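Protein chains in written order, with this note's numbering: chain A, 146 to 498; chain B, 146 to 498.
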């Protein structure tokens, strides 16, 4: 991937904001979308940032998303809420959900807010991270927006790579932030192997007869594998039930493949949980214990050839620092696509800053 | 494994109760231990049931466990509590924790109760299941009691196979119950391969140089692999932080290997979360949606040679039915060990009923 264009987070935010304003989002919603999508790119979640602009706008044009939703709390107790996204963009729904969960956790100690009639919300870690600013822990679960995974032993694509994310604050160390899909690899990585003409390692995919699929040219005929076999299937399923079925959102055959359908509402479900460490004891002491565990892991004896032990989220944390300094890289093909979009919408194109 | 002895759940409960009474547990605690450990065997969690009696009693004798603990709530808010187990058996601590979480979830919608100064509590699903009787969802996290897993790329055994369990009720279908360790396999399965003189499949373990370890005779020199590589490492770590570090319980090098140390308190940490579906909408409708998702998975097209698609917990559910009817099988070696224990303690031995 060559990326000759690098842009600042601010510039990227403004570009996304202007594009969404032109496509019909209210000003404050366009601003929220700009902030969250640019932050996705800043942390290196480049499969879930500005690369999604054109697919999102395709769904706007197809009528699949409500541009002026009435996002509202429909159920509420001291430590929970259910938010109806009214088919608005998931970013708007889950930002509101997370802010509400933070507020409730301050009082109740722990809170859980689910969504129904939501949409794709970008990378899971965006929302799991939000409580960190309040020295709180975030956990995020979502039903993915395209089914790529069968139940274990099966061939019918009934599950998505339903992700889980968890962000836990530390004192001097970077927060621990896990953001993972429940499959061994993503379709994006399979496509990258295909482009480079490389074979895949055993364990990524299987053929429909259960044998290992190694040639990515045949990926369309195969199945992604869940992590740990039946365990990953189980995880994908319970995440889907907690983020989808509990809220009345889609799971299984009801999931709409938003890459191939621009008009049907997805009824996406998500959930954010917030835990306030202040309820459990001294926050300072908790964060010091976190530092200590983090340092133990990092200082582990290493397998020969391994330069460094990484903590979950540490590489992404480093990208935030690098990209804030050097700009966010926009791959050439994406830069060209976004230039076309700017021309079409009559907004200023992204150029190096 | 041959098991010529089969006993009823009631008989097994009584045996465990009498043994613990003789070894110094208060009557009501001995009764709770009997009920929970026999239930573990009933559901087929035979690595976590009566097989643990002798190791537990070894720790009692070694002074590693407090036989008359003052288990108490030390922190509390509307949707959370922290329970100090006072170094009592984990079963007693986590039963109390789960009952409190159920009570709080009825009011607050969701609740989370953590433990500190606890001990091994048996299979994770025992506690995740308890809310099912109230049509509620349970999630359980624990720090394992022996470190078998290094951080990804490392060689130092700093993590346990920290389990996660989740139980979700359905209407006519059996509840979905996931109970999984974060490693591809357990040491128990490795030992079984060794006993049978079989090789292990690639992906179970690696040598200390990172190459696949296939011969279980050399297992003591190798490392268990986490599910999905760095993903399973990340899961084991965040489960440990949520169940351990948050509560002030041990994680990392502070974890005491209770198989090799009978006297040091383990300071085990666990957490139970309860979600009340009634807060999210009509429980009946939720449970019907669960049935529908379960049936979709089961009816998936299958890979050739696969007879049936299982839901998480379905095989364990079947064992409950079979063992309730036929009795719980006690492997010969275990039966012999328990016979010795009965003689030593002067209680009635387990015999076929």
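Note that CB positions come from ideal geometry on N, CA and C, so glycine has one too.
Predicted model only: the values in this text are computed from it and were never measured.
Give me the Cβ distance between residue i and residue j, rounded to the nearest whole Å; I'm assuming they're in contact under 8 angstroms.
{"i": "residue 400 (chain B)", "j": "residue 292 (chain B)", "result": "5 angstroms"}
{"i": "residue 416 (chain B)", "j": "residue 388 (chain B)", "result": "5 angstroms"}
{"i": "residue 218 (chain B)", "j": "residue 413 (chain B)", "result": "Contact doesn't hold; Cβ gap of about 17 angstroms is too wide."}
{"i": "residue 469 (chain A)", "j": "residue 222 (chain B)", "result": "37 angstroms between Cβ atoms; not a contact."}
{"i": "residue 216 (chain A)", "j": "residue 199 (chain A)", "result": "Actually they do not touch by this definition, with Cβ atoms about 24 angstroms apart."}
Of the residues the options, which one's Cα is nearest the Cα of residue i?
{"i": "residue 456 (chain B)", "options": "B:147, B:239, B:441 and B:466", "result": "B:441"}
{"i": "residue 480 (chain A)", "options": "A:165, A:195, A:155 and A:169", "result": "A:195"}
{"i": "residue 225 (chain A)", "options": "A:418, A:489 and A:335", "result": "A:418"}
{"i": "residue 244 (chain A)", "options": "A:231, A:271, A:264 and A:261", "result": "A:271"}
{"i": "residue 379 (chain B)", "options": "A:357, A:310, A:436 and A:336", "result": "A:310"}
{"i": "residue 451 (chain A)", "options": "B:265, B:341, B:183 and B:298", "result": "B:298"}
{"i": "residue 232 (chain B)", "options": "B:411, B:489 and B:439", "result": "B:411"}
{"i": "residue 320 (chain B)", "options": "B:338, B:302 and B:283", "result": "B:283"}
{"i": "residue 312 (chain B)", "options": "B:280, B:300, B:343 and B:337", "result": "B:280"}
{"i": "residue 424 (chain B)", "options": "B:250, B:294, B:276 and B:472", "result": "B:250"}
{"i": "residue 183 (chain A)", "options": "A:397, A:153 and A:173", "result": "A:153"}
{"i": "residue 408 (chain B)", "options": "B:216, B:264 and B:215", "result": "B:264"}
{"i": "residue 437 (chain A)", "options": "A:332, A:338, A:458 and A:318", "result": "A:318"}
{"i": "residue 497 (chain A)", "options": "A:474, A:302 and A:278", "result": "A:474"}
{"i": "residue 459 (chain B)", "options": "B:150, B:258, B:449 and B:439", "result": "B:439"}
{"i": "residue 393 (chain A)", "options": "A:188, A:260 and A:406", "result": "A:260"}
{"i": "residue 300 (chain B)", "options": "B:486, B:369, B:349 and B:404", "result": "B:369"}
{"i": "residue 492 (chain A)", "options": "A:377, A:166, A:347 and A:346", "result": "A:166"}
{"i": "residue 376 (chain A)", "options": "B:329, B:350 and B:355", "result": "B:329"}
{"i": "residue 434 (chain A)", "options": "B:428, B:381 and B:397", "result": "B:397"}
{"i": "residue 294 (chain A)", "options": "A:402, A:463 and A:163", "result": "A:402"}
{"i": "residue 151 (chain A)", "options": "A:303, A:163 and A:187", "result": "A:187"}
{"i": "residue 486 (chain B)", "options": "B:161, B:241 and B:209", "result": "B:161"}
Is the beta carbon of residue i less than 8 angstroms from the beta carbon of residue j?
{"i": "residue 420 (chain B)", "j": "residue 327 (chain B)", "result": "no"}
{"i": "residue 296 (chain A)", "j": "residue 305 (chain B)", "result": "no"}
{"i": "residue 203 (chain A)", "j": "residue 171 (chain A)", "result": "no"}
{"i": "residue 158 (chain B)", "j": "residue 180 (chain B)", "result": "yes"}
{"i": "residue 367 (chain A)", "j": "residue 353 (chain A)", "result": "yes"}
{"i": "residue 315 (chain A)", "j": "residue 335 (chain A)", "result": "no"}
{"i": "residue 185 (chain B)", "j": "residue 235 (chain B)", "result": "no"}
{"i": "residue 229 (chain B)", "j": "residue 269 (chain B)", "result": "no"}
{"i": "residue 476 (chain B)", "j": "residue 148 (chain B)", "result": "yes"}
{"i": "residue 391 (chain B)", "j": "residue 276 (chain A)", "result": "no"}
{"i": "residue 246 (chain B)", "j": "residue 258 (chain B)", "result": "yes"}
{"i": "residue 338 (chain A)", "j": "residue 357 (chain A)", "result": "no"}
Would the beta-carbon of residue i be found less than 7 angstroms away from any heavy atom of the ligand ADP?
{"i": "residue 241 (chain A)", "result": "Among the components of this structure there are no ligands whatsoever, and the ligand ADP is therefore not found."}
Using a Cβ-Cβ distance cut-off of 8 angstroms, determine whether residue i contacts chain A.
{"i": "residue 459 (chain B)", "result": "no"}
{"i": "residue 329 (chain B)", "result": "yes"}
{"i": "residue 256 (chain B)", "result": "yes"}
{"i": "residue 301 (chain B)", "result": "yes"}
{"i": "residue 164 (chain B)", "result": "no"}
{"i": "residue 268 (chain B)", "result": "no"}
{"i": "residue 464 (chain B)", "result": "no"}
{"i": "residue 386 (chain B)", "result": "yes"}
{"i": "residue 475 (chain B)", "result": "no"}
{"i": "residue 373 (chain B)", "result": "yes"}
{"i": "residue 280 (chain B)", "result": "no"}
{"i": "residue 376 (chain B)", "result": "yes"}
{"i": "residue 289 (chain B)", "result": "no"}
{"i": "residue 296 (chain B)", "result": "yes"}
{"i": "residue 354 (chain B)", "result": "yes"}
Chain B beta carbons: is any one of them nearer than 8 angstroms to that of residue i?
{"i": "residue 381 (chain A)", "result": "no"}
{"i": "residue 252 (chain A)", "result": "yes"}
{"i": "residue 481 (chain A)", "result": "no"}
{"i": "residue 365 (chain A)", "result": "no"}
{"i": "residue 346 (chain A)", "result": "no"}
{"i": "residue 259 (chain A)", "result": "yes"}
> What residues in the segment 388–419 of chain A have a beta carbon less than 7 angstroms from any beta carbon of chain B?
Replying inline: 390, 391, 392, 393, 396, 397 and 398
> If contact means a Cβ-Cβ distance below 7 angstroms, which residues of the segment 422–441 of chain A contact chain B?
Replying inline: 422, 424, 425, 426, 431, 434, 435, 438 and 441
> When you check each C-beta in the segment 213–246 of chain B against every C-beta of chain A, which residues fall closer than 9 angstroms?
Replying inline: 219, 220, 221, 222, 223, 224, 225, 226 and 227
> Taking a cut of 7 angstroms between CB atoms, which residues from the segment 305–339 of chain B lie near chain A?
Replying inline: 311, 313, 321, 323, 325 and 329
> Of all the residues that make up the segment 442–454 of chain B, which are near chain A by a beta-carbon distance shorter than 9 angstroms?
Replying inline: 442, 443, 444, 445, 446, 447, 448, 449, 450, 451, 452, 453 and 454
> What residues in the segment 180–206 of chain B bring their beta carbon closer than 8 angstroms to a beta carbon of chain A?
Replying inline: none
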